[in-house]
Ligand SMILES: Nc1ncnc2c1ncn2[C@@H]1O[C@H](COP(=O)(O)OP(=O)(O)OP(=O)(O)O)[C@@H](O)[C@H]1O
Ligand SMILES: [Mg+2]
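Protein chains in written order, with this note's numbering: chain W, 3 to 292; chain Z, 607 to 959.
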């Protein structure tokens with residue numbers, strides 16, 4: 003018994019030592035702040051005396067009983083979903099076209115797709131706000147063909163446009179990676195069996211790319227639901243999403259406990275949605291594609 | 607007008623010709639084999655007929671119709687791919703049923719036909735498996751079933767039996783041949799198994815480096831190969847260096863170092879020629895009774911026959927000896943070899959073996 007324990011010990015020491023830096027990093031930078039946020043969310047806040055060190059669920063009750071927070075959460079969920087759907091609809095065909103391109107063009111267009119990631123979000127978003135603004139390019143073009151100017155900036159449409167633009171590479175790249183690995187004769191086989199190109203894509207190519215689409219949409223959904231700069235700049239002061247709401251509680255209202263509460267609720271909701279989605283789709287895809 | 611006509615089709619990859627001026631007329635219901643070494647352009651040829659590879663030059667006609675640039679879905683061909691190309695996310699039954707769905711066959715009939723064809727390839731029990739859950743030979747049979755189930759007028763098979771065990775392969779060869787004859791499907795099959803090509807085809811097309819070198823019935827091909835390469839690729843062969851004296855009626859052939867001469871019916875070009883003779887057309891006798899004397903250098907047992915090599919003044923000759931009666935003489939023994947000069951073929955001396 004003791005022999006086996008002492009034999010087991012050296013085997014345990016090396017792996018724990020090797021993983022120690024990463025573990026410390028993770029504890030220090032993720033778990034600790036998260037734990038502090040959780041504790042903070044149970045503290046109460048007084049406008050004159052500041053943060054109290056008591057423990058109460060009143061913050062959670064406040065958030066869960068207020069119509070205003072619900073509407074913001076609902077908007078976050080809705081816009082993140084719409085963005086994900088748009089990213090799938092545009093990104094998947096885009097990845098397919100990319101994977102069918104010839105030698106020089108493929109790398110050129112891959113760069114074009116990844117390009118936006120090389121520019122700061124804030125700069126890109128300002129670009130969009132100039133395009134979509136009252137006297138911006140879009141309204142200018144509409145006016146040129148004689149259509150009334152439309153209010154785009156500071157609407158949900160503007161947020162979705164901005165998000166979809168930024169999120170596209172996160173959809174294209176995983177799908178493209180999967181498509182690269184597919185055997186082209188499988189698609190050819192569908193053609194010889196009488197399928198049109200479109201049917202071959204719908205029935206043969208895209209289902210095989212299901213796992214790539216799954217991971218792409220998880221990334222896009224998570225990043226959209228927690229995005230900050232785009233709703234902040236394109237949604238204006240009025241249209242808030244979860245991250246901008248938290249920001250306001252922390253830095254404008256100075257009510258840190260309430261901000262922490264909202265952050266924790268959003269985190270949990272995000273986690274639940276993504277795990278459920280993952281289970282739902284991955285299990286089916288796993289069985290088929292192994 | 608033949609049923610399927612491939613006219614002078616070439617395919618270039620850069621400056622290299624994968625297929626060079628391939629021309630072949632196929633009659634309705636004919637079974638053609640494409641035979642040739644790896645990389646000689648068999649798959650490329652088949653895929654051009656299927657419409658999956660665009661020919662660099664030439665035309666492909668189906669009856670009166672030019673199908674050179676017709677997209678694959680409109681060609682109505684059954685294709686078995688060398689890599690099988692099964693749909694990985696569909697079960698066996700779904701794979702087989704796909705072509706019927708594309709033809710808008712009603713569900714009940716679809717199920718019936720899928721079941722029938724899966725029974726034919728012995729896979730009925732595995733209908734609900736996914737391709738990755740099956741062995742190579744089982745996948746290959748799914749690919750065959752998927753191509754056959756749509757009753758195509760033309761069947762293109764790229765090494766469809768390469769992964770099956772001997773017994774199953776023979777059974778599938780027989781089935782393919784039977785279906786093909788009953789339904790009258792015109793079939794082009796790629797293979798590099800010469801015995802398969804000989805046993806089931808009406809005609810065999812031999813390819814070398816993108817070119818057709820001979821098109822003949824299996825018997826003609828085996829008995830009268832046009833060059834030394836074909837004679838050694840299709841079956842085994844002995845080659846003897848010889849000289850030819852041409853005269854009005856034919857040629858007098860003298861086999862080097864032996865003093866053996868005979869009159870040949872063939873008229874190969876040039877003075878230096880190769881005489882080739884199949885191992886099964888040689889016989890072993892007592893040393894003094896043969897046309898030529900030799901010493902046994904090796905002896906392999908093949909089951910139904912022995913393959914004996916004997917060193918003779920004309921070179922080393924292989925002799926196939928039926929496994930009948932006593933085993934042939936052991937290594938080191940002196941033997942005589944006899945053959946009929948009519949069984950010898952004389953070819954221009956070239957890259958023999
Ligand atoms: N896409 C391609 N690009 C460049 N060369 C190619 C391409 N496809 C085939 N080739 C070349 O063309 C030649 C013929 O290939 P093909 O696949 O037709 O051979 P094969 O006769 O089917 O051989 P195997 O018996 O090994 O299957 C080969 O030398 C191959 O390297
Ligand atoms: Mg091939």
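A virtual CB, placed ideally from N, CA and C, is assigned to each residue, including glycine.
Item                                                                                                                                   : Value
Residue burial classification, residue 891 (chain Z) (beta-carbon count within 10 angstroms, cutoff 16)                                : exposed
Residue 555 (chain Z): contacting residues in chain W (beta-carbon distance under 7 Å)                                                 : Here chain Z comprises residues numbered 607 to 959, so residue 555 (chain Z) is not present and cannot be evaluated.
Candidates Z:634, Z:745, Z:609, of which the one nearest residue 735 (chain Z) by Cα                                                   : Z:745
Contact test: residue 710 (chain Z) Cβ vs ligand 2 heavy atom, cutoff 7 Å                                                              : no
Ligand 1 site residues, beta-carbon cut 5 Å against heavy atoms                                                                        : Z:619, Z:624, Z:644, Z:645, Z:646, Z:647, Z:648, Z:649, Z:650
Buried versus exposed, by CB contacts within 10 Å (16 or more), residue 753 (chain Z)                                                  : buried
Contacts of residue 705 (chain Z) in chain W (Cβ-Cβ under 7 Å)                                                                         : 195, 196
Bounding residues of the alpha helix (DSSP H) (the contiguous stretch that carries residue 132 (chain W))                              : 123–134
Near ligand 2: residue 881 (chain Z) beta-carbon under 7 Å from a heavy atom                                                           : no
Amino acids of chain Z, ordered along the chain, whose beta-carbon sits closer than 9 Å to that of residue 210 (chain W)               : 693, 694, 695
The region 272–282 of chain W touching the region 629–640 of chain Z, judged by at least three CB pairs closer than 8 Å                : no
CB contact below 8 Å: residue 811 (chain Z) versus chain W                                                                             : no
Nearest neighbour of residue 167 (chain W), chosen from W:108, W:130, W:265, W:218 [CA to CA]                                          : W:130
Expected contact under 8 Å - CB spacing of residue 642 (chain Z) and residue 879 (chain Z) to nearest Å                                : Not really, about 25 Å apart at Cβ, beyond 8 Å.
Listed by chain order, chain Z residues near residue 290 (chain W) by CB distance under 7 Å                                            : 695, 736
Proximity test, residue 796 (chain Z) beta-carbon vs ligand 2 heavy atom, cut-off 7 Å                                                  : yes
Where residue 264 (chain W) meets chain Z, residues with beta-carbon distance less than 9 Å                                            : Simply none; closest approach about 41 Å.
For residue 737 (chain Z) and residue 692 (chain Z), the rounded distance between their alpha carbons                                  : 7 Å
Neighbouring residues, chain W, relative to residue 687 (chain Z) (Cβ below 7 Å)                                                       : 187, 191
Spatially closest choice to residue 954 (chain Z) from Z:893, Z:847, Z:921, Z:864, by CA coordinates                                   : Z:847
Beta-carbon proximity check, residue 792 (chain Z) vs residue 609 (chain Z), cutoff 8 Å                                                : yes
Proximity test, Cβ basis, 8 Å: residue 5 (chain W) and chain Z                                                                         : With a pLDDT of 49 at residue 5 (chain W), under the threshold of 50, the modelled position of this residue cannot be trusted; read the value that follows with caution. Residue 5 (chain W) does not count as touching chain Z.
Start and end residues, beta strand (DSSP E) containing residue 199 (chain W)                                                          : No beta strand (DSSP E) contains residue 199 (chain W), which is instead part of the alpha helix (DSSP H) from 199–202.
Residues of its chain near residue 240 (chain W), where Cβ-Cβ distance is below 8 Å and the 5 sequence neighbours each way are ignored : 156
Buried or exposed by the 16-neighbour rule on C-beta atoms within 10 Å, applied to residue 959 (chain Z)                               : Legend: pLDDT at residue 959 (chain Z) = 39, less than 50; position of this residue unreliable, value from coordinates given subsequently. Looking at its Cβ environment, which holds fewer than 16 other Cβ atoms inside 10 Å, residue 959 (chain Z) is exposed.
Test item: CB-CB of residue 208 (chain W) and residue 94 (chain W) under 8 Å                                                           : yes
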